[in-house]
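Start counting at 1 in the sequence shown, then tack on 529, and there's your number in the numbering used here.
Just so it is clear, CB atoms sit at the ideal spot from N, CA and C, and this is done for glycine as well.
Quick caveat: nothing in here was measured; it's all calculated off a predicted structure.
Presented below is the structure to which this report refers.
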Amino acid sequence: MVYTNPVAADLASGEFYDRAGEGYLSSDKLESDYADVRFDRELRLFRKYCRCGSVLDVGCSSGAFLYQLNKRFPGDYQILGTDASSPPLEHAAKMGVPVVKDNFLTHDFGQTFDAITFWAMMEHLFEPEQFLKKAAVLLKPGGLCFILVPNMRSLAVRLLGSKYRYIYSEHLNYFTPGTLARFVGQELEVVTMHSMHFNPLVIWQDARHGAHEVSREQRHELLKRTTAYKKSRWLAPAKFGYRAAEKVLGTFLMADNLVVVAGKLK
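What follows is the structure, given as structure tokens:
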């Protein structure tokens with residue numbers, strides 16, 4: 530297991546994200562997050578394994594995943610989001626997403642859930658095991674947990690190593706397929722593991738510019754650009770090749786992210 534040591538106090542406590550919350554509300558980030566193409570893969574996977582019920586999104590940020598879930602499947606889910614950062618939660622609430630601003634580990638939700646999601650969340654946590662244990666307690670019998678993290682065995686990491694922009698200070702844990710399966714297996718039973726997302730622009734840019742920390746603004750600008758590419762009809766032939774490459778990488782668990790679906794142990 531690869532992890533950061535030592536960890537800055539504000540990252541360990543989560544205070545960093547509350548203080549930096551306004552940075553997640555740039556026009557580029559919000560426009561991209563709320564675009565219909567943004568969570569296509571996550572929504573397809575989620576819908577395959579959870580057709581209805583109560584859903585808690587931990588680390589929901591501005592609420593875009595839950596918003597899209599309700600938009601695409603109205604009436605099928607009862608949604609709730611939680612996060613450590615106040616400004617994104619306020620935006621989520623404005624968009625009609627119910628939210629809780631509190632410490633996930635100590636908050637009494639007063640209910641259990643059919644599904645709990647951690648989209649790009651576990652890599653940020655100082656105590657990921659405690660979050661996993663709390664999720665296991667909050668799941669109904671037969672409930673499912675969805676966890677997506679960057680992949681330390683991805684093609685991008687193999688090519689770029691420490692030049693890869695997602696090896697940086699805010700990421701405290703770095704999972705491989707093996708370590709993610711063992712981590713999740715402590716509390717839940719792995720149902721399936723996939724590898725998804727592939728961004729050749731990131732590989733190209735990071736290979737050219739070398740090891741340096743990419744600013745949040747630069748990340749959001751790239752997210753906006755790649756979202757526009759996904760929406761463009763003119764790039765249909767390129768999209769076919771892109772999807773084929775992503776499928777091949779996914780087959781070998783070498784795409785940019787790992788996602789595991791896990792069920793509550795009986």
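The alpha-carbon separation between I645 and G770 amounts to approximately 33 Å. Between K662 and F642, the alpha-carbon positions lie close to 14 Å from each other.
Annotation for R737: no residue places its beta carbon closer than 8 Å to its own, counting only its chain and skipping 5 residues before and after. Around the beta carbon of H726, 16 or more other beta carbons sit within 10 angstroms, so the residue counts as buried. With contacts defined by Cβ atoms closer than 8 Å, L684 and L778 form a contacting pair. Residue pairing by DSSP leaves C581 without any beta bridge partner. Under the DSSP assignment, G672 falls in the beta strand (DSSP E) whose first and last residues are 668–679. Between M650 and V587, the beta carbon gap of about 6 Å places them in contact (Cβ cut-off 8 Å). Taking the C-beta atoms as reference points, T755 is found nearer than 8 Å to N728. Here N599 is buried: its Cβ has 16 or more other Cβ atoms, across all protein chains shown, within 10 Å. For G779, the enclosing alpha helix (DSSP H) begins and ends at 765–780. Collapsing the DSSP output to three states places Q640 in coil. A767 and V686 have their alpha carbons spaced roughly 23 Å apart.
Within the region 584–625, the complete beta strand (DSSP E) runs of at least 3 residues fall at 606–612. Here I645 carries a strand assignment [DSSP, helix/strand/coil]. Beta bridge pairing from DSSP links H723 with V788. Judged by DSSP in its simplified three-state form, V536 adopts coil rather than helix or strand. In this structure, H723 keeps its C-beta atom at 8 Å or more from the C-beta atom of V628. Taking a 10 Å sphere around the C-beta of C581, we find fewer than 16 other C-beta atoms and assign the residue as exposed.
Judged by beta-carbon spacing, G792 lies within the 8 Å limit of L673, meaning their Cβ atoms are closer than that value. Secondary structure of V628 (DSSP, three-state): strand. Counting C-beta pairs closer than 8 Å gives three or more between the region 540–555 and the region 612–622, which meets the contact rule.
Comparing alpha carbon positions, the residue from K577, Y596, L782 closest to G604 is Y596. At the C-beta level, Y532 and L654 stay beyond 8 Å of one another.
Within the same chain, T611, V629 come within 8 Å of H636 by CB-CB distance, once the 5 residues on both sides are set aside. Beyond the five residues adjoining it in sequence on each side, L709 comes within less than 8 Å, by CB distance, of I676, V678, M722, L787, V789 in the same chain, given in chain order.
In this structure, S583 keeps its C-beta atom at 8 Å or more from the C-beta atom of L559.
Of the candidates E658, S744, G639, P670, E658 places its Cα closest to the Cα of R711.
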